[in-house]
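Per this note's numbering, the very first residue in the sequence shown carries number 10; after that it's consecutive.
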Amino acid sequence: MALDPSSAYEGLDEEGEQQNVQHNQNQAEEAFLLPSHNTTISGFCHNVSDEIPLKRPKLVICPSLVNCVFAGSSGLAESSSFGDMENDLSFQMSSKDGNDLTLPLKLPPGHKEVSEPMDSSSIGDDNQDYINDYMIRLDLTDDLLHAVFTFLDHKALCKAGLVCKQWHASSVHEDFWRSLNFENCKITSDQVARVCRRYPRAVELHLPGSLLDNPVHEALRTLKNLEVLTIYHGNLGDAFFSLLVECPVLSHLIVIDATLGSGGSQEIHVRHESLRHLQVMRCRAIRIFVRCPQLETLSLKRSGVASANLNCPVLRELDVASCHKLSDPGIRAAAMSCPLLKSLDISNCSYVSDDTLREIAAVCTDLQILDASYCPNISLEAVRLPMLMDLKLHNCEGINATSMAALSQCYYLEALQLDFCWLLTSVTLDLPRLRHISLVNCRKIVDLNLSSPALASINVTSCPILNRVDITSTTLQKLVLQKQQSLTTMTLQCLRLSEVDLSECESLTNSIFEVFSVGGGCPMLGTLILDSCESLSNVRLTSTSLHTLSLTGCRGVTSLQLACPMLQKVCLDGCDHLQRASFFPVGLLSLNLGICPYLSELEIRATQMTLLELKGCGVLSQADINCPHLQSLDASFCSLFNDDCLDAATAACPSIKSLVLMSCTSIGPGGLLALQRLSNLTLLDLSYTFLTNLQPIIDSCPQLKVLKLQACKYLDDTALVPLHRGRALPKLSELDLSYGTLSQSAIEELLACCLHLTHVSLNGCTNMHDLDWRFEAGKSCSDPALHRKESSCDWTDDSVTEEESSVRLLQILNCVGCPNIKKVVIPVSAQCVNLCSLNLSLSANIQDVSLVCLNLTTLNLSNCLALEILQLDCPRLASLLLQACGIKEYELECAIYSCHLLETLDIRSCPKIVVD
């Protein structure tokens, strides 16, 4: 809010300036309750006057200057000094000798402060181009302050006016005070009157009705340019409404929550020649008389008016919503007195009847918008509203199936809302321009039949007995009919429909897929959601446009046939009774059928598919998989996936790189020969199978890098001989032999000779006793024939020295849960320079661990209860896990003495270590 203009600085000398600043500050605080600022501003004003030459300077400024001068609403008074702003301001001044002085708005990098005038010729061309291209020139004392102050609200203007005389003069300029808002201000009527007289050109005024006394009335007479007047609360009598004629250009009058009338009559007369918009909301009055020849909109919303006498020949909008005291004849008389009415709101007027609507429709022939919500007596019987475009009938108890006859005559109707119409049983409409329809909580509706080329949206929610839906539209793109428990039949002719959501429509039958297949009336359907439609059993869908299908939670589906070449995503979570599935053809990139435990027959034709998961399909016995670009196939726990299935899959999918056949016990050595077709195979998982030797794998998978053989109980010691003696699978880097029956000697020979392995897992190997590499370090494969073979092998590189060839590439070694390991010794001679992670957790009988591993970063000895000796020479160890170990505190301190990079030490539940 502005400072009191009656105290503007006029004729002040330099010495009296500070006293007037303090005077204005006190006055602002009293009138508008602004916070007091104790910032010293005399130095700032002094600096400004020192920098400004005698001739009026010109300032070059861009809009970002506002951020430099004012941060929020705190104003320039919070700046420390003018010098702090020199780098953000740009001036072009005329010096005493007539030369121009220019400083850029944003000084370029490497600039130097200018402490004395300089000739314009000394300014660089780049700087001059910057000014000419990006800046505009404003007058410092007038244009600059005026431009900056336009970004401030009234409170900020009040604070700015406290800076100095110059700023005060600019802050009280009438351009900033065209709108006077006294709402929520502790201010007296005399102060309001002074402000109004100070700004006679104000166009907006907002003030409480409690301030409308004689001084304010007189001040209002001076506001000849007033266009908008808003009054809050208070008592408004005839004197106030008679005063309005003194404001000849008044166009908007808003009265909120006030008591109208004087002398106890509660009757008011509103007369004005130019008034166009009148709002009398939540007001208390008995009768209102409006005589405004130019009035276009009138709102009496939630007012206690019992009678409204209108003489407004050009009124376009009438709102009498929630006027509970206004009778049916009163509403009829008010509306019929306005023949040009286009919008009528009679919502929550419980007395309105069909007779009133019929007579209003006969007079107001151009009525386009009608809100008759919560009018229980309306049924639209014999009501004709041919020009109606928007109709709201929320919670109209009289609306029923016979009301559709009246609605069918509304040829221009575009939006229709029939929410909570409890008696409505059927909706049948053929309206060429209908775009939006809403049917929420229509509990008795059974049939929905809509035909409209322009239909764009349908909102049907919580209609529990809706059984049939027939929709024809050329523009409808999305249809959502969720939780319609009784919906069984649908007919759609929607050429542009792209998304349909029928989630939790429990009564839908298999015939629904005919609607969405080719020839069903939805040629552009892209997304179909049928989640939790438990009555569906046989899904048969053919579509050239469908790209997303969701059948999540459809537990009754047993057969699935999809011929959708554009299909890219299908969700089958919860379809746990699916027995037969055919994807022929589809455009899927990936497919997960692992959640279908009863799947027995599978056919897939997907030229773009790269990932297929069949994990857990335990009864899958027939699988025709034709995916030429498939790279990953997971058939874990498919116990009936046999040699024939594998042979067919490898023949049709030659690009497979990752093949997981865990627990596929029906695959034998002969079936593994089919892997010869997979020239790119790098990962093979045959865990929990009856594999007896590795020769089929060695012969078929020369590029194999990862081999997992967990719990292959029938794999004996001789099976590993080709790996470390014959140098088979030269690219193999990761080997998992966990939970096997291999002997200690076989494991030792493997670790001693297969130096190219980087990841080895021996978890749960009960036959492994010790992991002592003191002897294995110097051990070599002693077979002379092997040496001769090695010397003639093509893979031997003459440039590799004997020392380099003995270095192990092992990086990760896992021996979790090996109960018979008692000692682990890895000396420096073992050449484990690449070992970075060693996991010996749950090996309860380990007693002695001695490691010399220069690059080891993680060591896990959790739950090694028998551990007593720990010797570590691991300078890069960062994580040491000793949870529930039996090591003593002193042994631990000695072990980690040289581990300077240790970050994590877990000694929880260690019985021999006391943590303070």
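For every residue, glycine included, the Cβ atom is placed at its ideal position computed from N, Cα and C. This structure is a prediction, so every number in the text was calculated from the model and none was measured.
query: Cβ pair count under 8 Å reaching 3, the region 843-855 against the region 815-827; result: yes
query: 8 Å CB neighbourhood of Gly627 in its chain, flanking five on each side removed; result: Pro606, Phe646, Cys647, Ser648 and Leu649
query: Per-residue DSSP class, three states only, for Met290; result: strand
query: Closest residue to Leu865 among Leu891, Asn450, Ile835 and Ala853 (Cα-Cα distance); result: Ile835
query: Cβ-based burial, His909 [other Cβ within 10 Å; buried from 16]; result: exposed
query: Cut-off 8 Å between Cβ atoms - residues of its own chain near Asn386, not counting five sequence neighbours on either side; result: Ser359, Tyr360, Val361, Ser362, Asp363 and Gly407
query: Residue from Ala294, Val254 and Ser260 whose Cα sits closest to the Cα of Ser271; result: Ala294
query: Residue closest to Thr7, alpha-carbon to alpha-carbon, out of Glu622, Ser599 and Leu623; result: In the structure as shown, the chain starts at 10 and stops at 925, and residue 7 therefore has no counterpart that could be examined.
query: For Asp510 and Ala853, the rounded distance between their alpha carbons; result: 57 Å
query: Outcome for Asn193 when other beta-carbon atoms lying within 10 angstroms are tallied against a minimum of 16; result: exposed
query: Completely contained beta strand (DSSP E) runs for the region 707-731, where each covers 3 or more residues; result: 715-717
query: At least three beta-carbon pairs within less than 8 Å, the region 186-200 to the region 167-175; result: no
query: Alpha helix (DSSP H) segments (min. 4 residues) lying fully within the region 630-715; result: 652-661, 678-681 and 704-709
query: Distance, Thr701 Cα to Leu738 Cα; result: 17 Å
query: When Val204, Gly749 and Leu587 are compared against Leu724, the one with the closest alpha-carbon; result: Gly749
query: Cα-Cα separation, Glu758 to Tyr899; result: 36 Å
query: Met413, enclosing alpha helix (DSSP H) - first and last residue; result: Met413 to Leu416
query: Reduced DSSP category for Ser316 - H, G, I as helix; E, B as strand; rest coil; result: strand
query: Nonlocal neighbours in the same chain, by C-beta distance under 6 Å from Asn357, ignoring five residues either side; result: Ala330, Ser331 and Tyr383
query: Among Leu597, Gln577 and Leu608, the one whose alpha carbon lies nearest that of Asp585; result: Leu608
query: Local conformation of Asp882 per DSSP, three classes; result: strand
query: Endpoints, the beta strand (DSSP E) within which Cys321 is located; result: Neither: Cys321 is in no beta strand (DSSP E) and is coded neither H nor E.
query: Closest by C-alpha distance to Gly528, when choosing among Thr500, Thr518 and Leu545; result: Thr500
query: Local Cβ density within 10 Å of Ala415, reported as buried at 16 or more and exposed below that; result: buried
query: Ala632 vs Leu611 beta-carbon contact at 8 Å; result: yes
query: Within the region 212-264, ranges of the beta strand (DSSP E) (whole runs, at least 3 residues); result: 213-217 and 237-241
query: Whether Ser435 touches Asp456 by CB criterion (8 Å); result: yes
query: Under the three-state DSSP convention, the category Asp160 falls into; result: The sequence shown places Phe at residue 160, rather than the Asp named in the question. Coil, per DSSP.
query: For Pro343, three-class secondary structure by DSSP; result: Checking the sequence shown, residue 343 turns out to be Ala, not Pro. Looking at Ala343 - three-state DSSP - the assignment turns out to be helix.
query: Which of helix, strand or coil DSSP assigns to Val924; result: coil
query: Buried/exposed call for Tyr420, threshold 16 Cβ in 10 Å; result: exposed
query: Reference Ser688, options Asp694, Gly677, Ile676 and Ser709, closest by Cα; result: Ser709
query: Same chain, Cβ closer than 6 Å to Leu558, five either side skipped, listed in chain order; result: Leu537 and Val579
query: CA nearest to the CA of Leu440, picked from Leu324, Lys453, Ala424 and Cys430; result: Ala424
query: Residues near Cys542 by beta carbon distance below 7 Å, same chain, minus five either side; result: Leu511, Cys514, Glu515, Leu517 and Cys563
query: Secondary structure, beta strand (DSSP E): runs of 3+ residues fully inside the region 366-400; result: 378-380
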